[in-house]
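Number of protein chains: 2
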Amino acid sequence: MAKEKKVEQITDMEVDFAQWYTDVCKKAELIDYSSIKGMFIYRPYGYAIWENIQKILDGMFKATGHENVAMPMLIPESLLQKEKDHVEGFAPECAWVTYGGSEKLEERYCIRPTSETLFCEHFKNIIHSHRDLPKKYNQWCSVLRWEKTSRPFLRHREFLWQEGHTMHATEEDARQETQQMLNIYADFMENVLAMPVIKGRKTDKEKFNGAEETYTVECMMHDHKALQAGTSHYFGDGFAKAFDITFTGKDNQLHNPHQTSWGVSTRMIGGIIMTHGDNNGLVLPPKVAPIQVVVLPIAQHKAGVLEGACALRDRLTAAGYRVKMDDSDQSMGWKCAEYEMKGVPLRVECGPRDLENDQCVLVRRNDGEKTVVKLEDLEAAVEEQLALVHQGMYEKAKRNLDEHIYPAFSLEEARQLQQEKGGFIKTMWCGDLECELKMKDEAGMSSRCMPLEQEHLSDVCPICGKPAKHSIYWGVAY
Amino acid sequence: MAKEKKVEQITDMEVDFAQWYTDVCKKAELIDYSSIKGMFIYRPYGYAIWENIQKILDGMFKATGHENVAMPMLIPESLLQKEKDHVEGFAPECAWVTYGGSEKLEERYCIRPTSETLFCEHFKNIIHSHRDLPKKYNQWCSVLRWEKTSRPFLRHREFLWQEGHTMHATEEDARQETQQMLNIYADFMENVLAMPVIKGRKTDKEKFNGAEETYTVECMMHDHKALQAGTSHYFGDGFAKAFDITFTGKDNQLHNPHQTSWGVSTRMIGGIIMTHGDNNGLVLPPKVAPIQVVVLPIAQHKAGVLEGACALRDRLTAAGYRVKMDDSDQSMGWKCAEYEMKGVPLRVECGPRDLENDQCVLVRRNDGEKTVVKLEDLEAAVEEQLALVHQGMYEKAKRNLDEHIYPAFSLEEARQLQQEKGGFIKTMWCGDLECELKMKDEAGMSSRCMPLEQEHLSDVCPICGKPAKHSIYWGVAY
Chain A
488 MAKEKKVEQI
498 TDMEVDFAQW
508 YTDVCKKAEL
518 IDYSSIKGMF
528 IYRPYGYAIW
538 ENIQKILDGM
548 FKATGHENVA
558 MPMLIPESLL
568 QKEKDHVEGF
578 APECAWVTYG
588 GSEKLEERYC
598 IRPTSETLFC
608 EHFKNIIHSH
618 RDLPKKYNQW
628 CSVLRWEKTS
638 RPFLRHREFL
648 WQEGHTMHAT
658 EEDARQETQQ
668 MLNIYADFME
678 NVLAMPVIKG
688 RKTDKEKFNG
698 AEETYTVECM
708 MHDHKALQAG
718 TSHYFGDGFA
728 KAFDITFTGK
738 DNQLHNPHQT
748 SWGVSTRMIG
758 GIIMTHGDNN
768 GLVLPPKVAP
778 IQVVVLPIAQ
788 HKAGVLEGAC
798 ALRDRLTAAG
808 YRVKMDDSDQ
818 SMGWKCAEYE
828 MKGVPLRVEC
838 GPRDLENDQC
848 VLVRRNDGEK
858 TVVKLEDLEA
868 AVEEQLALVH
878 QGMYEKAKRN
888 LDEHIYPAFS
898 LEEARQLQQE
908 KGGFIKTMWC
918 GDLECELKMK
928 DEAGMSSRCM
938 PLEQEHLSDV
948 CPICGKPAKH
958 SIYWGVAY
Chain B
488 MAKEKKVEQI
498 TDMEVDFAQW
508 YTDVCKKAEL
518 IDYSSIKGMF
528 IYRPYGYAIW
538 ENIQKILDGM
548 FKATGHENVA
558 MPMLIPESLL
568 QKEKDHVEGF
578 APECAWVTYG
588 GSEKLEERYC
598 IRPTSETLFC
608 EHFKNIIHSH
618 RDLPKKYNQW
628 CSVLRWEKTS
638 RPFLRHREFL
648 WQEGHTMHAT
658 EEDARQETQQ
668 MLNIYADFME
678 NVLAMPVIKG
688 RKTDKEKFNG
698 AEETYTVECM
708 MHDHKALQAG
718 TSHYFGDGFA
728 KAFDITFTGK
738 DNQLHNPHQT
748 SWGVSTRMIG
758 GIIMTHGDNN
768 GLVLPPKVAP
778 IQVVVLPIAQ
788 HKAGVLEGAC
798 ALRDRLTAAG
808 YRVKMDDSDQ
818 SMGWKCAEYE
828 MKGVPLRVEC
838 GPRDLENDQC
848 VLVRRNDGEK
858 TVVKLEDLEA
868 AVEEQLALVH
878 QGMYEKAKRN
888 LDEHIYPAFS
898 LEEARQLQQE
908 KGGFIKTMWC
918 GDLECELKMK
928 DEAGMSSRCM
938 PLEQEHLSDV
948 CPICGKPAKH
958 SIYWGVAY
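Sequence lines, in order, name chains A and B. 488 is the number of the first residue of the first sequence in our numbering; add one for each residue after it. 488 is the number of the first residue of the second sequence in our numbering; add one for each residue after it.
Structure (C-alpha cells):
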C-alpha cells in the first residue's frame, strides 16, 4: 500500500523520460530549485554522491602527480580577451560583475566560465626554467555559464566541476598528459560509475574554444541519447604564446610550454541517473552511493530483532561500508520503496526467524535478486553482492550501448536509424564541416566523436561521396 | 652559505612583522597575487594546508550529524533584502552581477558574501513538520566581500571557508548547537592547530549582522595582536520570521524554527603563520602540515645511503605519515633552510655513519632539538617527536597568550598597557555602546569578547564608573 503510493510519485520512464528524470531528481532529494533560473541547490543526498566522486577522482589525480590549487572566481575582461578563440566561445555566456559595493568598476569582471586564462596568468609568474616544468594543477570549484535552458545536473548556469590545467616542456609530454587524463576518466566511468564509454576525438566544430584537440568520453543513456561525460584538451602553445609564457630550456633557449586542460562535472550524476535508473527510482553504483547498504529489521518490536539489526549495522560499518539502519515506525513496504527510490545498492533484511537461523537476506537494488546469507559470512557476502551489483549495472549499460550503435551508409539511412532506433549512428566522414552541418540539419544529429578505435566501414563519406578520412559517431546529445 | 642566502630572503619579524608575514606567504609558496586586487591564488602548498584542515573539520562536523550541501553563489538583491540588519551589514561590500551574456538583468544579483538568505529560502521549501527538524547543513565554498584593504589569508575579497547553517525546533536546541560548534572550533584550534583560544561572546556592536548573539574564539598572534579565528551565531527566529519559515509542532500549531550559523575560513592559515612562525619561516602544526616528515640523505653519493633513506621514507609512508625525501643535488644547507622555511615539523637525517650504526637523527622544526633514534624504533620515535612538536608549539603559544593579558582599572591604564605591551587588556564593562566606542577612540582597541569564563575585577566600568555587568577583553585585531 505504502509502496504503491510511493512509486506512484514518479512518472514511468516509458511514458515521459524527461519527466521521469525530473521526478527522480526531486523525489530522491538530490536537488532543489533556487529563485534564480538554472541555478540549483545540491541537497545532502545529491551532494554526498559528488563527495564520493571527488574523493576517488582526487586520489587518481594525486596518484598521477597532480596538485590542487584554488584560483579566483573572477576574470578581468581584458584577461579573458587574450586568447581570441577562447573569448569568442565564452564571452556570450559570461555573467558580468560591474559594481563592487556602491562603486562602478573601471573594468568589468566575469565569473569564471572556465579558468584557462587565470591559470595562464599564474603560470607566467611561476614558470621560468625547464626545472619548473611540468606544472600539473587541478582545482575543484564551481563555474558559471549563462545558458538559456537548464536541467538538473545536465545543464546548470552554475555547476560543480574539477578543472585540471597543466604545462609541459614538450608537445609529447603534453599530448601524453591529455591521453592519460582521458584514460583516467574512462577508467573512472567504467570501474567506478559502471558507465561504459566510447573514447574519441571531437571534430574541429565541437572542440573546446582555443584547444588544438579535444578528446571525449561519450556515454549512452537509457533513452539512447548521448552524454558527453568528460573532456581532455590539448592546447599546443597557443595560450602560452598569447600570454607570453616562456621558459629557458636545457638548450639555454627560450621556449613556450605546451598545455592541457581536462574536466568532469556534476553532469556525471545526471549520467548515473539516466544510465542506471528505473521506474522505482535511482540505482546507484556501489562505489559512490552515499548509503551502500541499508539494514531493515522486520517485525522490529519482537525480542532481539532490533539488537540483531544493530549488530549487523555495526559489523558492516566496522568493515568500512557506508551503512544505514532504518528502525523508524514506517511500514516495511514504505521503507523498501524509499530505499529503492534512493538507489541504495543493497538491502539487508533481518526478522525474528532469520536471526533464529543465524541468517539474513540480501536484496540487490539493480535486479531484485535475493540471497540468504549465514551471519558469520556477512562481510564477505556483502562485498560479493556489491561487486555483483556493479557488474550487473555495467553489463546492462554495456548491452544498451552495444545494441544501439548502428552503421549507416547514407545520410538518409542515418536519419531513419536515428529516428526509429536512436543511439549512436556510425559512418565514415570526409572531415569537412559542411557534411557535419548537413548531418545536423537533415538528420538532427551532432558529431559525438571520431572514436580512438577507428573502423573502416567504406571508402567514402556517405554525405558528400568524397574519400573518407575517419570513422565517426553521430547522435542526439544532452 | 646556501642556508644564509635563503634566510636572508625573509625580513626578521622583530624588524618588520608585516613584511616578515608577507615574505613567509610568498617564499613558502603559499599564495600568489592575481591581477584583481585582494583576490589571491592559493598555491599547492598553501591549498594543501587547507585540504588537511577541511578533512579534519569535515569529520568533526559529520560526527556531530551535519550534512554537506552546495548552494548557488548568487543572491538576488530582493532576497538579500529580506532581513533588514543583514542587508545593511553586507550590501556595502557586495560585488554585483548586472549582465548575463549580453543581456542586462532585470534584477541584479550579488555574489554571496555569506549564505543565510539562500539557506533560508531553501529551508522554507523543505521544512514543514517538526519531523523535518533539526536540519544541520554545512557548505565548503568561497565567498566574496568587496573590502578596501587586503592581506594574504587575513583579508581577501574572495576567501575559502565553511559555513554551517542549522534550523531547530526549539530555542534550547539552537543555543546548544551554537555552543557545540564554538566548542568544536576551540577543540580544533587547540588540538589540531596548536593555537590556544579564548572563548567568548561578542558585544552587540561586534556581533554578526542579523544575529541575536555571536560567539567567538579569539587567538593571540606573535606580535600580540588579536585574531578572531571562528564565530558561531545564534539567530533566534528572526530570519525564520522574515522568510516565513514555519513548521507544525507536536502540538499541531505553527511555529518558527530557531537558527544558527557558524564559520571558519582560510584566515586560520594566517593565524597559524603568525602564531607559530619564526625568522626561519613557517612552523606548521603536524596534524595539518602537507609534509610532516622530510627525509634528507647525507652524503647521498656514498654506497647505501640513498637506499637507506628510501627505506626510511617507505616505512614512514606505510605508517601513514605524509613524507617527502629530497635527494636533489642541492646542498644539505640549502635543503635544511628550505624545509625550515616550509615549516616541515620533523626532519630525518641519515648519513653513512648513521646507517652503519643502524640509526638516524630526528630534528624538530619548532625548537631545533635533535634526537638520535635506532632504526628499529623509527615509527614510534616519529610519532613521539611529532606529538612533542605539537605540544611544544602549543605551550609556546599559550605562554605568549597568558603573558600578554593585562587587567586594567581605568581607560588611561588600558591605553598605556596596549601601547607599551600590546596583547589583551581585560576590564569590567557596563555594557554600554558609548564606553565601547570610547575605548576604541581613546585607546585604539576594539572589544574582542566577553569571555565565557567571567571574572570579577571590580564593581564598576572603568570607562564611565557605572556598575559593571561583564568582564571583557579588548585588543588590536587583524
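Glycine included, every Cβ here is placed at the ideal spot set by N, Cα and C.
Asked	Found
Cβ of E794/A within 7 Å of any chain B Cβ	no
Beta-carbon contacts of L904/A that lie in its chain and below 6 Å, excluding the five residues immediately before and after	Y893, A895, I912
Closest Cα partner of E658/A within the set E677/A, Q715/A, P639/A, G725/A	G725/A
Contacts that L566/A makes with chain B (C-beta to C-beta distance below 8 Å)	S522
As assigned by DSSP and simplified to three states, the class of E856/A	coil
E580/B: contacting residues in chain A (beta-carbon distance under 7 Å)	G588
D816/B, DSSP secondary structure in three states	coil
Nearest to E921/A (by Cα), restricted to the options E900/A, T735/A, C951/A, E634/A	C951/A
Interface flag, M558/A vs chain B, CB-CB below 7 Å	yes
CB contact check: Q496/A to chain B, cutoff 7 Å	no
Chain B contact for M526/A (CB, 7 Å cutoff)	yes
Interface residues of the stretch 612-626 of chain A facing chain B [CB-CB below 8 Å]	N612, I613, Y624
Closer than 7 Å to chain A by CB, V751/B	no
Residue-level contact to chain A via CB, Q506/B, 7 Å cutoff	no
Under 7 Å from the C-beta of G561/A: neighbouring residues of chain B	As written in the sequence, residue 561/A is Leu, which differs from the Gly given in the question. Under the 7 Å cutoff, chain B gives I523, M526.
Proximity test, Cβ basis, 7 Å: Y534/B and chain A	yes
Per-residue contacts from T804/A into chain B (C-beta, under 7 Å)	Neighbours of T804/A on chain B: none; closest Cβ ~13 Å, over 7 Å.
Contact set between D519/B and chain A, taken where Cβ atoms lie within less than 8 Å	H609, N612, I613
Whole-angstrom distance between V860/B and A868/B, CA atom to CA atom	7 Å
Whole-angstrom distance between M676/A and A776/A, CA atom to CA atom	14 Å
For M761/A, the three-state DSSP class (helix, strand or coil)	helix
Test: V775/A CB closer than 7 Å to a CB of chain B	no
Selected residue, minimal CA-CA separation from W749/A, among L771/A, Y702/A, E693/A, N767/A	Y702/A
D691/A versus D919/A, T735/A, T747/A, K549/A, residue with shortest Cα-Cα distance	D919/A
Cα-Cα separation, M668/B to N625/B	12 Å
Test item: CB-CB of T762/A and A884/A under 7 Å	yes
7 Å Cβ cutoff, V848/A in contact with chain B	no
Cutoff 7 Å: V502/A Cβ touching any chain B Cβ	no
Proximal residues to V574/B (C-beta, below 6 Å), its chain only, five neighbours per side dropped	L567, Q568
Beta-carbon proximity of A786/B to P839/B, cut-off 7 Å	yes
Members of the stretch 847-879 of chain B that neighbour chain A once the beta carbon cut-off is set at 7 Å	none
Selected residue, minimal CA-CA separation from K542/B, among E580/B, W627/B, E594/B, C847/B	W627/B
Interface flag, N767/B vs chain A, CB-CB below 7 Å	no
Residue from H643/A, G758/A, H553/A whose Cα sits closest to the Cα of A535/B	H553/A
Cα-Cα separation, D854/A to A798/A	27 Å
Beta bridge counterpart(s) of H720/B as assigned by DSSP	T701/B, S748/B
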